[in-house]
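Residue numbers (this note's numbering): 133 to 686. Backbone N, C-alpha and C fix where the C-beta goes; we use that ideal spot for every residue, glycine too. Everything numeric in this text was worked out from a predicted model, so none of it was measured. Reading through the structure tokens given below for one structure.
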């Protein structure tokens with residue numbers, strides 16, 4: 133079997149698995165967020181934190197809950213890292229430096245999971261499990277909660293109430309993420325991923341020195357890392373490490389995990405707004421972009437010229453031999469079109485155009501299918517923009533799901549789509565203009581520029597993957613990337629929740645002969661076009677200086 137055929141068959145197997153999970157998981161999540169009953173363990177949690185889960189919140193109160201919980205999480209994780217040297221199970225590792233501790237705390241709380249450290253050489257068991265793994269659960273649950281609040285904004289009318297943040301947060305963890313991660317961890321352990329609390333071991337002599345490895349609760353963290361679209365790895369090699377990703381099957385299984393909730397949320401959306409066809413339209417948009425990007429990535433990585441690449445069956449630099457070009461391409465596209473950031477190959481070693489595809493996937497806003505929750509609310513924002521554009525074309529007030537898209541709503545949507553590009557381009561320009569940040573680049577020219585552009589693209593969009601050539605463990609990058617993560621996560625949420633509150637206050641508008649049918653293939657095409665054009669106009673000049681220039685020169 134040739135490598136191209138193997139890649140295509142793996143893609144088809146992945147699509148089949150996602151299709152099988154789509155209906156039951158989407159239906160289940162709709163029931164989770166629509167039920168008025170609380171599990172006993174959830175009642176204990178509410179009592180412990182002093183929250184009333186039955187109190188409905190308007191958008192400012194919902195936002196205050198998101199920000200307060202996230203701020204406490206940042207402080208807790210920061211202190212845990214700073215006190216690591218005094219904690220049991222630290223494996224002898226010292227406290228994390230202040231700038232790196234801030235960067236890591238901001239990274240895991242914002243669901244970014246950018247890592248400017250070697251996990252196996254910096255973090256002990258307590259920080260990994262009580263700190264980073266916990267944030268993998270709750271940060272993903274925060275994203276789903278905000279998405280559900282926006283869906284309620286479409287579904288409800290003549291009220292500003294969007295549900296209860298604490299209830300949505302706790303249910304996301306106890307009813308969706310914990311059970312899913314438990315099952316996934318068992319599968320990973322059965323396939324060879326490690327799960328222990330062992331110390332550091334010397335495994336042999338290599339070139340005059342010893343090779344050391346430490347164990348850890350790897351399988352359990354790997355499960356929620358992918359299921360919650362987090363991305364932070366126990367080891368520096370991330371999902372290219374055999375302790376995290378032992379076989380080609382686990383590689384495909386991890387891709388399935390990082391895609392299954394974002395895709396299934398489109399059915400949850402359709403059920404909650406009372407129209408499955410609307411959910412299918414959003415699903416079709418996400419799937420079209422995802423499959424299209426995978427096709428482009430496989431083409432660039434398999435068809436690149438050169439005798440060495442032809443003999444190897446594709447561009448193998450930076451890729452694991454046991455995984456191959458096809459599976460690496462699927463993983464790279466899936467992890468950058470979601471907010472996962474996990475890697476089973478090094479994006480810096482992809483062909484010039486291949487590296488540009490990974491970067492463009494993040495710059496789309498990670499909406500195809502995007503992160504847990506963030507992908508859905510990002511796609512719904514783009515749907516509002518597409519409806520507005522269509523309204524301008526025909527001279528009619530735009531409507532979406534029975535709600536008018538007026539001046540207030542379009543301002544919220546416009547602010548949402550402008551925030552992350554502004555953060556990416558401003559921080560990248562500052563890093564290139566100042567003398568010190570450029571010293572962190574491994575390469576010069578277009579590839580060196582791509583390293584910095586990718587870093588801020590990844591941080592501001594809460595992806596977390598890196599171009600693997602930039603030394604980001606400096607005070608400049610730890611501080612500015614941490615700031616980009618925080619602003620890129622929570623400023624968009626402000627406008628998402630404000631938009632949700634505005635929509636919930638409206639009364640439904642009946643559909644007429646002039647209403648744009650947003651469940652039809654025509655709208656799906658319009659939405660795909662709007663996403664690509666808006667992103668292209670925003671980022672094309674920067675991409676032309678980096679990956680496009682490198683790709684055309686090779």
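Coil, strand or helix - residue 532 by DSSP
Here residue 532 is taken as the residue at index 400 of the chain shown, counted from 1. Residue 532 falls in the strand class under three-state DSSP.
Could I get the ranges of all uninterrupted alpha helix (DSSP H) runs contained in the stretch 295–367, with 4 residues as the minimum, in chain order?
For the alpha helix (DSSP H) assignment, the uninterrupted runs of no fewer than 4 residues enclosed by the stretch 295–367 are, from N- to C-terminal side, 297–303, 310–322 and 350–359.
Tell me, which residues are paired with residue 190 by DSSP?
Residue 190 sits at position 58 when you count from the first residue of the chain shown. In the DSSP output, where bridge partners are listed per residue, residue 190 has 293.
To the nearest angstrom, how far is the alpha carbon of residue 76 from that of residue 421?
Here the chain comprises residues numbered 133 to 686, so residue 76 is not present and cannot be evaluated.
So residue 277 and residue 309 are in contact, right, with Cβ under 8 Å, and what is the actual spacing, rounded?
Within the chain shown, residue 277 is the residue found at index 145, counting from 1. Within the chain shown, residue 309 is the residue found at index 177, counting from 1. About 12 Å separates the beta carbon of residue 277 from that of residue 309, a gap too long to meet the 8 Å contact definition.
Assuming residue 361 and residue 496 make a contact with CB atoms under 8 Å, what is their CB distance in whole Å?
Translated into the one-based positions of the chain shown, residue 361 becomes position 229. Translated into the one-based positions of the chain shown, residue 496 becomes position 364. Rounded to the nearest angstrom, the Cβ distance from residue 361 to residue 496 is 15 Å, too far for a contact under 8 Å.
Taking Cβ to Cβ, would you say residue 260 is nearer than 8 Å to residue 324?
One-based indexing of the chain shown puts residue 260 at position 128. One-based indexing of the chain shown puts residue 324 at position 192. No.
Separation of residue 231 from residue 423, as counted between CA atoms:
Indexing the chain shown from 1 puts residue 423 at position 291. Indexing the chain shown from 1 puts residue 231 at position 99. So the alpha carbons of these two residues sit roughly 39 Å apart.
Hey, residue 246 and residue 590: beta-carbon distance below 8 Å or not?
As a position in the chain shown, residue 246 is number 114, starting the count at 1. As a position in the chain shown, residue 590 is number 458, starting the count at 1. Yes, they are a contact pair.
Give the DSSP bridge partners of residue 477, in chain order.
Working through the chain shown from its first residue, we reach residue 477 at position 345. 451.
With C-beta atoms as the reference, is residue 395 less than 8 Å away from residue 408?
To locate residue 395, count along the chain shown from 1; it is residue 263. To locate residue 408, count along the chain shown from 1; it is residue 276. Contact flag unset, no.
Report back the beta-carbon spacing between residue 520 and residue 530 to the nearest angstrom; my notes put them in contact at under 8 Å.
By 1-based counting over the chain shown, the position of residue 520 is 388. By 1-based counting over the chain shown, the position of residue 530 is 398. That pair is a contact at about 5 Å.
Measure the CB-CB distance between residue 209 and residue 267 and report whether it falls below 8 Å.
In the chain shown, residue 209 corresponds to position 77, counting from 1. In the chain shown, residue 267 corresponds to position 135, counting from 1. Yes. Within cutoff.
Measure the C-alpha to C-alpha separation of residue 687 and residue 515 and round it to an integer number of angstroms.
The question about residue 687 has no answer here: the residues shown for the chain are numbered 133 through 686.
From 527, 427 and 539, residue whose alpha carbon lies closest to that of residue 137:
Residue mapping note: residue 137 aligns to position 5 of the chain shown, counting from 1. Restricting attention to 527, 427 and 539, the CA atom closest to the CA of residue 137 is found in 427.
Could you give the C-beta distance for residue 265 and residue 363, rounded to a whole number, given that I count them as a contact under 8 Å?
Translated into positions along the chain shown, residue 265 becomes position 133. Translated into positions along the chain shown, residue 363 becomes position 231. Actually they do not touch by this definition, with Cβ atoms about 13 Å apart.
Specify the secondary structure class of residue 613 as computed by DSSP and reduced to three states.
Counting from one through the chain shown, the residue named residue 613 turns up at place 481. Helix.
Three CB pairs or more closer than 8 Å across the stretch 612–622 and the stretch 485–502
The stretch 612–622 vs the stretch 485–502: no contact.
Relative to the C-alpha of residue 621, which candidate in 595, 452 and 302 has its C-alpha closest?
One-based indexing of the chain shown puts residue 621 at position 489. When each option's Cα is compared against that of residue 621, the closest is 595.
Using CA atoms only, rank isn't needed, just tell me which of 554, 578 and 634 is closest to residue 592.
Within the chain shown, residue 592 is the residue found at index 460, counting from 1. Considering only 554, 578 and 634, the residue with the shortest C-alpha distance to residue 592 is 554.
Can you look up residue 219 in the DSSP assignment and give me helix, strand or coil?
Taking the first residue of the chain shown as 1, we reach residue 219 at position 87. Per DSSP, reduced to three states, the secondary structure at residue 219 is coil, with no helix or strand assignment.
Just how far apart, CA to CA, sit residue 464 and residue 367?
One-based indexing of the chain shown puts residue 464 at position 332. One-based indexing of the chain shown puts residue 367 at position 235. Using only the alpha carbons, I get a separation of about 18 Å.
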